[in-house]
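> Numbering (our numbering), first residue to last: 2 to 137.
Note that beta-carbon positions come from the ideal geometry of N, C-alpha and C, so glycine has one too.
Supplied in structure tokens, the structure appears directly below.
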């Protein structure tokens, strides 16, 4: 079941392998109060790092069709967990997507008690850019 306990297990599994992530996507929006609670089909996590080397070495059930320069995904307890690579350069945080570079706000990585959740500004900016891309 993709509930908050599952999200915590997914993040905890990655933490156990020294992969630090931030909750993002629908779960991030719900936990930040930007959307009403609802069912979630997956878990989206931001992974701030220079590359995928540490992630790719993990013995997870990887989804080959979700293996991109900016994203990886694996199945945990019959639920997809997606990781988005977040890099940093002299201009700040960014994710190099297939068609464009998404620039994140400086306050991208924040916490909410014990949970690491992308900032409200980061969630809103990505949602807006996603809608703009979908309309194009």
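How long is the line joining the alpha carbons of residue 79 and residue 49, rounded to whole angstroms?
Here residue 79 is taken as the residue at index 78 of the chain shown, counted from 1. Here residue 49 is taken as the residue at index 48 of the chain shown, counted from 1. Roughly 25 Å separates the two Cα atoms.
> Between residue 33 and residue 111, is the Cβ-Cβ spacing less than 7 Å?
For the purposes of this step, residue 33 is taken as residue 32 along the chain shown, with counting starting at 1. For the purposes of this step, residue 111 is taken as residue 110 along the chain shown, with counting starting at 1. No. Outside cutoff.
> Look at the alpha carbon of residue 142 and the alpha carbon of residue 7, and state the distance between them as a whole number of angstroms.
Since the first residue of the chain shown is 2 and the last is 137, residue 142 is not available in this structure.
> Cβ of residue 30 within 7 Å of Cβ of residue 98?
Position 29 of the chain shown holds residue 30. Position 97 of the chain shown holds residue 98. Cβ atoms of residue 30 and residue 98: not closer than 7 Å.
> Could you tell me the distance, in whole angstroms, from the CA atom of residue 58 to the CA atom of residue 45?
Numbered from 1 along the chain shown, position 57 holds the residue referred to as residue 58. Numbered from 1 along the chain shown, position 44 holds the residue referred to as residue 45. Each residue's alpha carbon lies about 20 Å from the other.
> What whole-angstrom Cβ distance do residue 55 and residue 24 have, given they're in contact under 8 Å?
Residue numbering aside, residue 55 sits at position 54 when the chain shown is read from its first letter. Residue numbering aside, residue 24 sits at position 23 when the chain shown is read from its first letter. 19 Å between Cβ atoms; not a contact.
> Please indicate yes or no: does the CB of residue 14 lie closer than 6 Å to some heavy atom of the ligand HEM?
This structure does not include the ligand HEM; it has no bound ligands of any sort.
> So, at 7 Å on beta carbons, what are the nonlocal neighbours of residue 116 in its own chain, with the 5 sequence-adjacent residues on each side left out?
Numbered from its first residue, the chain shown carries residue 116 at position 115. If we look at residue 116 and ignore the five residues flanking it on each side, its Cβ neighbours are 24, 32.
> Bridge partners for residue 97 per DSSP, in chain order?
For this step, residue 97 is matched to residue 96 along the chain shown. Note: residue 97 sits in a beta bridge opposite 102.
> Opposite residue 73 in the DSSP bridges: which residues?
Counting from 1 along the chain shown, the entry for residue 73 is found at position 72. DSSP, once it has assigned bridges, lists 84 as partnering residue 73.
> Pull up the distance between the alpha-carbon of residue 62 and that of residue 93, whole angstroms please.
Locating residue 62 in the chain shown gives position 61, counting from the first residue. Locating residue 93 in the chain shown gives position 92, counting from the first residue. Approximately 32 Å between the Cα atoms of the pair.
> Relative to the C-alpha of residue 108, which residue among 15, 95, 102, 65 is closest?
Translated into positions along the chain shown, residue 108 becomes position 107. Considering only alpha carbons, the answer is 95.
> Looking at residue 11 and residue 82, is the spacing between their C-beta atoms short of 7 Å?
As a first step, residue 82 is located in the chain shown; it is residue number 81 there, counting from the start. As a first step, residue 11 is located in the chain shown; it is residue number 10 there, counting from the start. Going by C-beta atoms, residue 82 is nearer than 7 Å to residue 11.
> If you compare alpha carbons, which of 71, 35, 42, 26 is closest to residue 4?
The residue you call residue 4 lines up with position 3 of the chain shown. Here the closest residue by C-alpha is 42.
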